[in-house]
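Below is one structure, written out as structure tokens; comments come after it.
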Amino acid sequence: MRVVFGVGASERVDQELDALGYDRVLVLCTPEQTAVASSISDALGARSVGVHPGARMHVPVESADAAVDLARERGADACLAVGGGSTTGLGKAVALRHHLPVVAVPTTYAGSEMTPIWGLTEGGTKTTGRDSAVLPRAVVYDPLLTLGLPVDLSVTSGLNAVAHAVEGLWAPNASPITSLMAAEGVRALLAALPRVVAAPDDVDARSEALRGAWLCGAVLGATTMSLHHKLCHVLGGSWDLPHAAVHAAVLPHVLAFNAPAAPAAVAALTPALGLGSAGAGSVSGDAHGGSSAPDVAGALWDLARALGAPTSLADVGLPADAVDEVVSRVLAAPYANPRPVKADALAALLRAAVAGTRPVTAAP
Ligand code: NAD
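In our numbering, each residue's number is its place in the sequence shown (first place is 1) plus 382.
Here's what the structure looks like:
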């Protein structure tokens, strides 16, 4: 895909459309982002066939059908998705159902613009798949568009991106290059997020966070996700919980669980979390002091908490009595995972995530 990255890059959307030969684009957004989408649409003049503020979280099929109908009615030859993962997701749904190409202008750190993964929710069940037709043909990253992303959403969205990279590090199809991208993506985001919290309009910090999100999204697109994404997929699709916040609350617990089976991931995450390779911030492997591992999960939980992210699934809306149902849904169609997942262990992980207790990295 073509990628443009830089402060003010959204002023060059028309050049990307020129390069791709798209003359009639339907601009997609959420109702909350109508103003920014409209200003991009206005700058495109006659090349825009209108703004459709119909994007909703988890892409309900009804919203996809409405966007497809409008694209047909207006004779659109492409969709321009201005927004976060929900808006990019709507563009992908139109690409899937109506074969229209997507150009993405991301405004969060979700990373969907870098992946061929689509998602649709029907009757409370979210279905996802991969199809190269939904991969955006061009992505225009402009950090200025992220200045208004509220601090709480910036943090959870950034941790959503970190989750892509963490799972990319232990993915069955990880490669030296995806691991390099994942380590740098995590480093960039974890360094940028405290600066974003301190000064949300710090353009340098926003640029660094968006660069990290680009890397993490590319890792998501290139590798296979494991237990963490499966859990978040079930929680988000079936209980309609806020996507990024769920990722933030779950990730430290899955990291604690998987760490013993993923030493390369732990090693890659250790410097990004400000931990030494052993010693301070480490957990002992056995009573005789034979081995120890950096407590990456505890450190990630501490950082998430310090940044104001939710650390409890109960706080993001999951009822405590849902644990058994989540376990059975996750185990009904499990993803690959570096450590085998048994029902008891998964229920314990979820109970800790519901309660919001600080996880400790299991020793190898
Ligand atoms: P979102 O797109 O749902 O946006 C959340 C809210 O933030 C919306 O109200 C939106 O209007 C607002 N917003 C977005 N950017 C803003 C900005 N810069 N300033 C002010 N407000 C802004 O949130 P998200 O976390 O980006 O996306 C979540 C969805 O994306 C989920 O459905 C998830 O499954 C999907 N997703 C898909 C992939 C993939 O590869 N297919 C990857 C990541 C996420």
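For each residue, glycine too, the CB sits at the ideal point set by N, CA and C.
Using 8 angstroms as the threshold, is the stretch 475 to 493 in touch with the stretch 518 to 531, meaning 3 or more CB pairs across them? yes
Comparing C-alpha positions only, which one of Met439, Ser420, Ala714 sits nearest to Ala431? Walking along the sequence shown from the start, residue 431 turns up at place 49. Correcting the residue identity first, residue 431 is Val in this sequence and not Ala. It is Ser420.
Among the candidates Arg429, Ser423, Phe387, whose CA atom is the shortest distance from the CA of Tyr404? Along the sequence shown, read from residue 1 onward, the residue named residue 404 stands at position 22. It is Arg429.
Return the first residue and the last residue of the alpha helix (DSSP H) that Thr560 is part of. Sequence index remark: in the sequence shown, residue 560 carries index 178 (1-based). Run containing Thr560: 558 to 580, per the alpha helix (DSSP H) assignment.
Please state if the CB of Gly550 and the CB of Val601 are separated by a distance shorter than 8 angstroms. Numbered from its first residue, the sequence shown carries residue 601 at position 219. Numbered from its first residue, the sequence shown carries residue 550 at position 168. Yes; because the gap between Cβ atoms is below 8 angstroms, this pair is in contact.
Can you tell me where the beta strand (DSSP E) with Val648 in it begins and where it stops? Position 266 of the sequence shown, counted from the start, is the residue given in the question as residue 648. Val648 -> not in any beta strand (DSSP E); alpha helix (DSSP H) instead, spanning 645 to 654.
Buried or exposed, going by whether 16 or more other CB atoms sit within 10 Å of the CB of Thr509? Taking the sequence shown and counting its residues from 1, the one referred to as residue 509 is at position 127. It is exposed - the Cβ of Thr509 has fewer than 16 other Cβ atoms within 10 Å.
With H, G and I counted as helix, E and B as strand and the rest as coil, what does DSSP make of Val544? Counting from 1 along the sequence shown, the entry for residue 544 is found at position 162. Val544: helix per DSSP, three-state reduction.
Does at least one heavy atom of the ligand NAD sit under 7 angstroms from the Cβ of His625? Looking up residue 625 in the sequence shown gives position 243. For the ligand NAD, at least one heavy atom lies less than 7 angstroms from the Cβ of His625.
By Cβ distance below 6 angstroms, which residues in the same chain neighbour Phe387 in space, the five residues on each side in sequence not counted? Along the sequence shown, one-based indexing puts residue 387 at 5. Tyr523, listed in sequence order.
Looking at the ligand NAD, does it come within less than 7 angstroms of Trp500, judged from the CB to the closest heavy atom? To locate residue 500, count along the sequence shown from 1; it is residue 118. Yes.
Can you say whether Gly599 is buried or exposed, counting buried as having 16 or more other CB atoms within 10 angstroms of its CB? To locate residue 599, count along the sequence shown from 1; it is residue 217. Answer is buried; the Cβ neighbour count reaches 16.
Looking at C-beta atoms only, is the number of pairs between the stretch 561 to 576 and the stretch 621 to 640 that lie closer than 8 angstroms three or more? Fewer than three pairs of CB atoms, one per stretch, sit closer than 8 angstroms, so the stretch 561 to 576 makes no contact with the stretch 621 to 640.
Can you determine whether any heavy atom of the ligand NAD sits closer than 7 angstroms to the C-beta of Leu602, and answer yes or no? Residue 602 sits at position 220 when you count from the first residue of the sequence shown. At least one heavy atom of the ligand NAD lies less than 7 angstroms from the C-beta of Leu602.
State the start and end residues of the unbroken beta strand (DSSP E) segment that holds Pro488. Residue numbering aside, residue 488 sits at position 106 when the sequence shown is read from its first letter. Per DSSP, Pro488 belongs to the beta strand (DSSP E) from 484 to 488.
For the alpha helix (DSSP H) containing Trp596, name the first residue and the last one. Position 214 of the sequence shown holds residue 596. Note, Trp596: alpha helix (DSSP H), 585 to 604.
Considering only their Cβ atoms, is the gap separating Ala417 from Leu472 smaller than 8 angstroms? For the purposes of this step, residue 472 is identified with residue 90 of the sequence shown, where counting begins at 1. For the purposes of this step, residue 417 is identified with residue 35 of the sequence shown, where counting begins at 1. No. Outside cutoff.
Where does Lys724 sit, in a helix, a strand or coil, going by DSSP? As a working note, residue 724 is residue 342 in the sequence shown. If DSSP states are grouped into helix, strand and coil, Lys724 belongs with coil.
Between Thr652, Thr507, His635, which lies nearest to Ala727 when the distance is taken from Cα to Cα? Taking the sequence shown and counting its residues from 1, one reaches residue 727 at position 345. The shortest C-alpha separation from Ala727 is found at His635.
What's the gap between the Cα of Ser694 and the Cα of Ala704? Along the sequence shown, read from residue 1 onward, the residue named residue 694 stands at position 312. Along the sequence shown, read from residue 1 onward, the residue named residue 704 stands at position 322. Between Ser694 and Ala704, the C-alpha separation is close to 14 angstroms.
Assign Arg569 to buried or exposed, taking buried as 16 or more other Cβ atoms, counted over all protein chains shown, within 10 Å of its Cβ. Taking the sequence shown and counting its residues from 1, the one referred to as residue 569 is at position 187. Result: buried.
Using a Cβ-Cβ cut-off of 6 angstroms (strictly less than) and excluding sequence neighbours within five positions of Gly738, which residues of its own chain qualify? As a first step, residue 738 must be located in the sequence shown, where it is residue number 356. Within its own chain, the residues whose Cβ lies closer than 6 angstroms to the Cβ of Gly738, once the five positions on either side in sequence are excluded, are Thr693, Ser694, listed in chain order.
Quick check: the stretch 479 to 488 against the stretch 453 to 466, are there 3 or more CB pairs under 8 angstroms? yes
Contact between the stretch 728 to 736 and the stretch 698 to 717 is defined here as three or more beta-carbon pairs at a separation below 8 angstroms; is this criterion met? yes
When burial is assigned at 16 or more other CB atoms within 10 Å of the CB, is Ile559 buried or exposed? Taking the first residue of the sequence shown as 1, we reach residue 559 at position 177. Looking at its Cβ environment, which holds fewer than 16 other Cβ atoms inside 10 Å, Ile559 is exposed.
Alpha carbon to alpha carbon, how far is His610 from Val616? Give it in angstroms, no decimals. Sequence index remark: in the sequence shown, residue 616 carries index 234 (1-based). Sequence index remark: in the sequence shown, residue 610 carries index 228 (1-based). Rounded to whole angstroms, Val616 and His610 show a C-alpha spacing of 10 angstroms.
Counterpart residues of Val712 in DSSP-defined beta bridges: As a first step, residue 712 must be located in the sequence shown, where it is residue number 330. Val712 pairs with nothing; no bridge assigned.
Just checking: is the beta-carbon of Ala730 within a distance shorter than 8 angstroms of some beta-carbon in chain D? The structure shown has no chain D; it contains just one protein chain.
For Asn640, is the classification buried or exposed, using 16 other Cβ atoms within 10 angstroms of its Cβ as the cut-off for buried? As a position in the sequence shown, residue 640 is number 258, starting the count at 1. Buried: at least 16 other Cβ atoms inside 10 Å.
Mind checking who Val407 pairs with in its DSSP beta bridge? By one-based count along the sequence shown, residue 407 stands at place 25. Bridge partners of Val407: Ser430, Ala460.
Less than 7 angstroms between the CB of Leu531 and some heavy atom of the ligand NAD, yes or no? On the sequence shown, residue 531 is found 149 positions in, with the first residue counted as 1. Yes - the ligand NAD has a heavy atom lying nearer than 7 angstroms to the Cβ of Leu531.
With respect to 7 angstroms, is the separation between the Cβ of Ser468 and the closest non-hydrogen atom of the ligand NAD below this value? Here residue 468 refers to the residue found at position 86 of the sequence shown. Under cutoff, so the answer is yes.
With a threshold of 7 angstroms (Cβ to nearest heavy atom), would Val414 be considered close to the ligand NAD? Against the sequence shown, residue 414 aligns to sequence position 32. According to the sequence provided, residue 414 is Glu. The question's Val does not apply to it. Under cutoff, so the answer is yes.
What does the alpha-carbon distance come out to for the pair Ala545 and Leu408? Counting from one through the sequence shown, the residue named residue 545 turns up at place 163. Counting from one through the sequence shown, the residue named residue 408 turns up at place 26. Rounded to whole angstroms, Ala545 to Leu408 spans 31 angstroms at the Cα level.
Taking 7 angstroms as the line, does the beta carbon of His610 fall inside it for any heavy atom of the ligand NAD? Your numbering for residue 610 matches position 228 in the sequence shown. Result no, Cβ not under 7 angstroms from the ligand NAD.
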